[in-house]
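Protein chains in written order, with full-length UniProt numbering: chain A, 1 to 148; chain B, 1 to 140.
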Ligand code: HEM
Ligand code: HEM
């Protein structure tokens, strides 16, 4: 029989006072996961299964969806929940496979930085989106644009 | 590695003679569900990074967005989307399994059964998705 050695990293007791961030991270993974099942499955169903599926996606399709605040908020909520869930999961994996030190700090810093940049970018994209940009070919625009 | 950077003891030269506590995975349902959960999570994460950037092209121009999203409609990418959806469906169902195992003692005792239920639900979901998606991708 193969003998597996006990893990080398001893368990660190949770701090006795103040907020236990690791515990809240653990809770966040579960709470966001439950909501993400609905958001992501809904996203995939509307974009891949309804009508022509992926073949129907173009600029006009996005314009049509984001004309409705319902889908704007759906996408923004999905963006924040999924990206923070994914980045926090990646942080767990980095902690598992690297020792504390420079490499670990760089990897975690890169995760944090890319997450913040993409959260800002993705949120701005949804709320500053212009479905009818001036000077674009009419046939590429959603049907409700004056130029189309 | 120098002794000052590790706070953990170095593995002993000789293999441990005592058996590990009952907390380590040893190549059964529990381990494979964890391995798959981890791999699919990483894959979806990297897809999401790219996906936020490709969606951001709607702020550049309709032409730029259509050019990139057009690549999602090619046969090769169509198969890639099958893999992506397969990964997220597994991660989602197995994630729910992990949550049940954490909070409900019946599920903790029956985590193996739940793993096979996850597989069954995955097969059913993919049977609903894949034919329809491939019809969309391979017709014009
Ligand atoms: C092949 C599968 C997918 C396709 C074809 C697709 C397509 C799209 C499209 C067309 C949009 C623009 C807005 C909209 O339609 O709601 C969008 C946005 C978005 N998708 Fe997907 N998607 C896919 C998979 C996913 C997955 C698996 C996730 C989650 C991990 C996801 C997360 C998002 C997010 C967060 C946005 C909003 C981006 C932003 O705020 O700028 N998508 N997707
Ligand atoms: C669809 C709904 C989802 C559910 C129900 C879900 C559920 C979970 C749960 C419960 C965990 C914690 C596992 C543990 O503590 O052992 C987890 C980990 C993780 N999730 Fe998700 N998740 C979902 C979507 C996503 C998405 C969209 C991403 C990527 C952006 C993602 C990436 C990850 C990663 C990287 C981990 C860490 C894996 C590990 O530590 O081995 N998940 N997920």
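All residues carry an ideal CB built from backbone N, CA and C; glycine is no exception. Just so it is clear, the structure is predicted and the values come from calculations on it, not from any experiment.
In the displayed model, residue 6/A falls within coil according to three-state DSSP, outside both helix and strand.
With respect to chain B, the C-beta atom of residue 55/A has a partner C-beta closer than 9 Å.
Within the model, the alpha-carbon separation for residue 84/A versus residue 115/A is close to 7 Å. Here the C-alpha atom of residue 126/A lies approximately 7 Å from the C-alpha atom of residue 66/A.
With a cut-off of 8 Å, the C-beta of residue 88/B is classified as near ligand 2, since at least one heavy atom of the ligand falls inside that distance. For residue 118/B and residue 127/B, the gap between their C-alpha atoms comes out near 14 Å. In this structure, DSSP gives residue 110/B a state outside helix and strand, which the three-state scheme calls coil.
Within the stretch 78 to 104 of chain A, those residues whose Cβ lies closer than 8 Å to any Cβ of chain B are, in chain order, 79, 82, 83, 86, 87, 89, 90, 93, 99, 100 and 101.
Measuring C-alpha to C-alpha distances from residue 131/B to each of 98/B, 85/B and 108/B identifies 85/B as the nearest. Taking 8 Å as the cut-off, the C-beta of residue 82/A counts as close to a heavy atom of ligand 2. Nearest Cα to residue 133/A within the set 116/B, 46/B, 135/B and 62/B: 62/B.
Within the model, the alpha-carbon separation for residue 46/A versus residue 131/A is close to 19 Å.
In this structure, 45/B is the residue among 38/B, 32/B and 45/B with its C-alpha nearest to the C-alpha of residue 111/A. Distances from the CA of residue 72/B to each of 105/A, 57/A, 98/A and 104/A were compared; the closest alpha carbon is that of 57/A. Note that the C-beta distance between residue 134/B and residue 114/B is not below 9 Å. Among the CB atoms of chain B, one or more fall inside 9 Å of the CB of residue 133/A.
DSSP, read as helix, strand or coil, puts residue 112/A in helix. Within 10 angstroms of the beta-carbon of residue 124/B lie fewer than 16 other beta-carbons, which makes it exposed. The C-beta of residue 62/A comes closer than 9 Å to at least one C-beta of chain B.
For residue 59/B, the distance from the CB to the nearest heavy atom of ligand 2 is not below 8 Å.
Using a cutoff of 8 Å, the CB of residue 44/A counts as near ligand 1, since one of the ligand's heavy atoms is closer than that.
Cβ-Cβ distances below 6 Å link residue 72/A to 66 and 126 in the same chain, with the five nearest sequence neighbours on each side left out; the list follows chain order.
In this structure, DSSP gives residue 104/B a state outside helix and strand, which the three-state scheme calls coil. Apart from the 5 residues on each side of it in sequence, residue 28/B sits with its Cβ closer than 8 Å to the Cβ of 112 in its chain, given in chain order. Under the Cβ criterion (8 Å, minimum of three pairs), the stretch 49 to 59 of chain B does not count as touching the stretch 77 to 93 of chain B. For residue 136/B, the number of other beta carbons within 10 angstroms of its own is at least 16, and it is reported as buried.
Straight-line spacing of the CA atoms in residue 145/A and residue 124/A works out to 21 Å. Here residue 44/A has no same chain residue with a Cβ atom under 6 Å from its own Cβ, once five neighbours each way along the sequence are excluded.
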